[in-house]
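What follows is a short report on a single structure.
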Amino acid sequence: MFRIGEFSKLTRVSTRMLRHYDKLGLFCPAEIDRYSGYRLYSAFQIPLLNRIVKLRDMGFSVNEMIEIIDKYDNNVFLQSVLNSKLKQVRDNIDVEHLKHDRLTKALNELKEDNMKYLVELKKLPSINVLSLKDIITSYSKEDELWKQLNSFCSEHNVKTKDNGIYSIYYDDEHKESDVEIEVAVPVEEMREDQNRFAYKELPEIPCAATIKYTGAYENIMPAMTAIAEWIEQNNFELIGYTRGYGIKHHENEKNPHHFVTEIQIPVKKK
1 MFRIGEFSKL TRVSTRMLRH YDKLGLFCPA EIDRYSGYRL YSAFQIPLLN
51 RIVKLRDMGF SVNEMIEIID KYDNNVFLQS VLNSKLKQVR DNIDVEHLKH
101 DRLTKALNEL KEDNMKYLVE LKKLPSINVL SLKDIITSYS KEDELWKQLN
151 SFCSEHNVKT KDNGIYSIYY DDEHKESDVE IEVAVPVEEM REDQNRFAYK
201 ELPEIPCAAT IKYTGAYENI MPAMTAIAEW IEQNNFELIG YTRGYGIKHH
251 ENEKNPHHFV TEIQIPVKKK
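First residue of the sequence shown? That's 1 in UniProt numbering, and the numbers climb one at a time after it.
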């Protein structure tokens, strides 16, 4: 007979696990010394313990092993149990592969985002524009201003200078309503203002943090987050109104997912 430490060395199963199996009734000592209380094990128990270790390494729980050990010599039963566990393991592998693919995709998207959103500091020259400024109910209603401005340009034969357009946001905070926005198009010549339609010069911006975003306007937040993080990390502060410069937009691109917008934020070093 062997004491628990000796038996542990011979079987390479820790004394902690032997005590645990004993407590749960899975594998008990051959005897308990009546005087010392020591657990005593027999070499005849080693094959049974080897079966338990094999089942454990195949992923069976203690409760499952208790049931299997009693019927271990029943080949039909054992084969059925092993096939069932094999199917479970294969199903788990499929789930883990799916998790792997999703994690890989998420990491690739993060890498793409880091490459996609490159922040540049630029000096933006002044530019002559025709603009329409108004307070509208929400940001989503900006297209109503564009319809009015485009209609005015068509009716008055306004010659635009390039294909770019500007949206300027005047509020000091994000507002749910009563949003102050100015939309503008560069023009070749300056004329007299007409009602709410103004010919004006957008002033030079000595230093602007800029970032280009491709996609529909409603999905622009990742780009806004990237430029905000860059401004903070590089110790700049905001000093003017944010504006969007549309390079590909509703006037020259039908698919909103192909829109290209440059976000321009005036900044200075703290």
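From the three backbone atoms N, C-alpha and C, an ideal C-beta is built for every residue, glycine too.
If you're wondering where the values come from, they're calculated on a predicted model, not measured in any experiment.
Cβ neighbours of Thr137 within its own chain (closer than 8 Å, five residues either side excluded): Ser177, Asp178 and Val179. Closest in alpha carbon position to Asn252, among Gly5, Phe236 and Asn150, is Asn150. In the structure shown, Thr214 adopts extended strand secondary structure according to DSSP, grouped into three states. For Gln264, the enclosing beta strand (DSSP E) stretches over residues Val260 to Lys269. Out of Gln148, Gln233, Asn157 and Ile220, the CA that lies nearest to the CA of Asn195 is found in Gln148. Residue nearest to Leu124 within the set Glu201, Gly5 and Glu237 is Glu201 (criterion: CA-CA distance). Residues Glu262 of the same chain have their beta carbon placed closer than 6 Å to that of Lys212, with the five preceding and five following residues left out of the count. Your pair Phe197 and Leu132 checks out as a contact, with CB atoms roughly 6 Å apart and the cut at 8 Å. The Cβ atoms of Met1 and Leu48 do not sit closer than 8 Å to each other.
Under a 10 Å Cβ-count criterion, Met190 is classified as exposed, with fewer than 16 other Cβ atoms of the shown protein chains found around its own Cβ.
For His249 against Ile165, the beta-carbon gap comes to about 6 Å, under 8 Å, which counts as contact. Taking a C-beta distance under 8 Å as the contact criterion, Gly244 and Ile205 do not qualify as a contact pair. A Cβ-Cβ distance of about 18 Å is found for the pair Ala184 and Lys122, leaving them out of contact under the 8 Å criterion. Short of 8 Å from the beta carbon of Asp162, and not among the five residues preceding or following it, lie these beta carbons of its own chain, in chain order: Pro186.
Shown here, Leu82 sits in a helix according to DSSP, grouped into three states. Taking every protein chain shown into account, the CB of Ser36 has fewer than 16 other CB atoms within 10 angstroms, so this residue is exposed. Here Asp193 has Tyr199 as same chain residues with Cβ atoms under 7 Å from its own Cβ, once five neighbours each way along the sequence are excluded.
In the DSSP annotation of this structure, Val187 is not part of any alpha helix (DSSP H), being labelled neither H nor E. A check of alpha carbon separations from Lys111 across Glu67, Gln79, Ala226 and Ser14 identifies Ala226 as the nearest. As a beta-bridge residue in DSSP terms, Ser167 pairs with Val183 and Gly244. Taking C-beta atoms as the reference points, Val260 and Phe236 fail to come closer than 8 Å.
Residue Gly246 holds the alpha-carbon nearest to the alpha-carbon of Gly215 among Leu130, Glu64, Thr242 and Gly246. Taking Met17 as the centre and dropping the five residues before and after it, the same chain places no C-beta closer than 7 Å to its C-beta.
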